[in-house]
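Numbering of the sequence shown is given in the numbering used here, commencing with residue 1 and proceeding in unit increments. Every residue, glycine too, gets a C-beta built ideally from N, C-alpha and C. Encoded as structure tokens, the structure appears first; notes follow it.
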Amino acid sequence: MIRHLAGLLVVAFVLSVGAAQAQAARGTLRLNHAMEFGGLESRDPISQYRCFDVNARLYNRLVRADSRGLPVPELATIWSPNDNAIEWTFTLRDGVKFHDGKMLTAADVAYTFNRVIDPAVDTPVRAVLGIISRVEALDDLTVRFVLSAPHADFPLLLTDYRALVLAEGSAETIEQTGNGTGPFRLEMLDLEGVTRMVAFDDYWEGVPKHGAVEIYPIPDATATLQAFLAGQIDIYSATVAEVPLFDPAQFHGCSPVSVAIQSRLLCGPAHELHRFERQPYKCLGHHYGS
Numbered sequence: 001m002i003r004h005l006a007g008l009l010v011v012a013f014v015l016s017v018g019a020a021q022a023q024a025a026r027g028t029l030r031l032n033h034a035m036e037f038g039g040l041e042s043r044d045p046i047s048q049y050r051c052f053d054v055n056a057r058l059y060n061r062l063v064r065a066d067s068r069g070l071p072v073p074e075l076a077t078i079w080s081p082n083d084n085a086i087e088w089t090f091t092l093r094d095g096v097k098f099h100d101g102k103m104l105t106a107a108d109v110a111y112t113f114n115r116v117i118d119p120a121v122d123t124p125v126r127a128v129l130g131i132i133s134r135v136e137a138l139d140d141l142t143v144r145f146v147l148s149a150p151h152a153d154f155p156l157l158l159t160d161y162r163a164l165v166l167a168e169g170s171a172e173t174i175e176q177t178g179n180g181t182g183p184f185r186l187e188m189l190d191l192e193g194v195t196r197m198v199a200f201d202d203y204w205e206g207v208p209k210h211g212a213v214e215i216y217p218i219p220d221a222t223a224t225l226q227a228f229l230a231g232q233i234d235i236y237s238a239t240v241a242e243v244p245l246f247d248p249a250q251f252h253g254c255s256p257v258s259v260a261i262q263s264r265l266l267c268g269p270a271h272e273l274h275r276f277e278r279q280p281y282k283c284l285g286h287h288y289g290s
């Protein structure tokens, strides 16, 4: 019995080492965050001090916006309103895991959004989602939103970058754990030093293409630009005036202007320049390094 247990421990250790080596081989994406809240940045997505650069990689929304700004599936696969669009029913993606191994269910979604509208919870997200009256889990993979008034474009509201799904009952621990369904899980948190997230290889969209993401505090815009030019970080959101400053050799011979434009179309309004020699990117930042 003891020999069998020891054998299992050895196998588990070998698998763990193998997974760590595989993650290391995929490389580390290095980013900055601007310390806009002076070190108060929160892992709670609905906090007024939410830390976007971390949270966007830890969690998922029900619905994301595509390059045209239209809602497309993320954790929800399909949705439909009732006749007057005061009720919306969403079907969830099956087989989605949280970082702690728990499976995503409609109860998690109901918990997440009922917390947003709870008057006892202080959150600026209620300015966007306050039209929700209640959220009900109909079964494990079906959730219904009941609104206070009809809204034909309600799914668009759910593309808000703070409308991220938490596990049921996790509000008290989310600051420490960052437990979400996103492509990376929290390994080390130091918003005034280095915050490190490692790939969550059970991610529902597939194994992330980077093994880890490290985020460094660089509050000064000029210092951020210099860090990118020196190769210390891998993505920089440039102004239009800054784009011509970059050497095309950094972008596999592509014009930085074309890189910035392509990135803007895929990822939003920022002109994000990506250091291509530190690939792979599935698309330029769209899945946050996955």
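Residue range of the alpha helix (DSSP H) that includes residue i
| i | result |
| --- | --- |
| valine 109 | 106-116 |
| valine 72 | Not the alpha helix (DSSP H): valine 72 falls in the beta strand (DSSP E), residues 71-73. |
| phenylalanine 154 | 154-157 |
| arginine 50 | From DSSP, arginine 50 is part of no alpha helix (DSSP H); its letter is neither H nor E. |
| valine 128 | 126-129 |
Buried versus exposed, by CB contacts within 10 Å (16 or more), residue i
| i | result |
| --- | --- |
| aspartate 190 | exposed |
| serine 170 | buried |
| leucine 58 | buried |
| glycine 231 | exposed |
| isoleucine 218 | buried |
| proline 45 | buried |
| valine 146 | exposed |
| aspartate 66 | exposed |
| glycine 134 | Checking the sequence shown, residue 134 turns out to be arginine, not glycine. That one is exposed. |
| alanine 221 | exposed |
| alanine 223 | exposed |
| alanine 199 | buried |
| isoleucine 132 | buried |
| alanine 167 | buried |
| isoleucine 78 | exposed |
Bridge partner(s) assigned by DSSP for residue i
| i | result |
| --- | --- |
| histidine 303 | Coverage of the chain is limited to positions 1 through 290, which leaves residue 303 absent and any answer about it impossible. |
| proline 183 | None; proline 183 has no bridge partner. |
| glutamate 136 | Arg144 |
| isoleucine 174 | Note: isoleucine 174 sits in no beta bridge, so no partner. |
| lysine 97 | Met103 |
| threonine 28 | Ala212 |
| phenylalanine 90 | Trp79 and Val143 |
| leucine 164 | Arg61 |
Identity of the residue in the options nearest residue i by Cα
| i | options | result |
| --- | --- | --- |
| glutamate 192 | Arg30, Ala34 and Val72 | Ala34 |
| alanine 107 | Asn84, Ala120 and Arg144 | Arg144 |
| asparagine 60 | Arg30, Leu104 and Arg68 | Leu104 |
| valine 207 | Glu172, Pro183 and Val125 | Pro183 |
| arginine 185 | Ala163, Val116, Glu205 and Ala212 | Ala212 |
| leucine 129 | Leu138, Glu172, Asp66 and Pro155 | Pro155 |
| tyrosine 111 | Tyr203, Ala127 and Ala137 | Ala137 |
| threonine 159 | Asp220, Leu147, Ala56 and Ala120 | Ala56 |
| serine 47 | Pro124, Ser133, Ala221 and Met188 | Pro124 |
| threonine 142 | Ala76, Ser42 and Thr28 | Ala76 |
| aspartate 202 | Tyr161, Trp79, Thr181 and Ile78 | Thr181 |
| aspartate 139 | Arg93, Ala163 and Pro119 | Arg93 |
| glutamate 205 | Ser42, Gly95 and Pro81 | Gly95 |
| leucine 157 | Thr28, Leu31, Val63 and Asn32 | Val63 |
| arginine 30 | Glu214, Ile117, Ile131 and Ala227 | Glu214 |
| alanine 163 | Arg126, Asp122, Gly27 and Glu172 | Arg126 |
| leucine 225 | Asn32, Arg43 and Thr28 | Asn32 |
| valine 165 | Asn114, Asp122 and Trp79 | Asn114 |
Heavy atom of the ligand NAP within 7 Å of residue i beta-carbon
| i | result |
| --- | --- |
| serine 133 | No copy of the ligand NAP occurs in the structure displayed, which carries no ligand at all. |
Span of the beta strand (DSSP E) around residue i
| i | result |
| --- | --- |
| valine 198 | 195-199 |
| arginine 64 | 63-65 |
| alanine 76 | 76-81 |
is_contact[residue i, chain C] using C-beta, thresh 8 Å
| i | result |
| --- | --- |
| arginine 61 | Of the chains in the structure shown, none is chain C; there is only one protein chain. |
Checklist entry - Is it a yes or a no for the segment 48-66 touching the segment 227-239, going by three-plus beta-carbon pairs under 8 Å? => result no
Next on the checklist: Within 8 Å, do at least three Cβ pairs link the segment 95-106 to the segment 173-192?
Outcome noted: yes
Item to check | Cβ contact (3+ pairs, closer than 8 Å) linking the segment 64-79 and the segment 194-201 | outcome: no
Next on the checklist: Three or more C-beta pairs under 8 Å: does that hold for the segment 146-156 against the segment 79-90?
Outcome noted: yes
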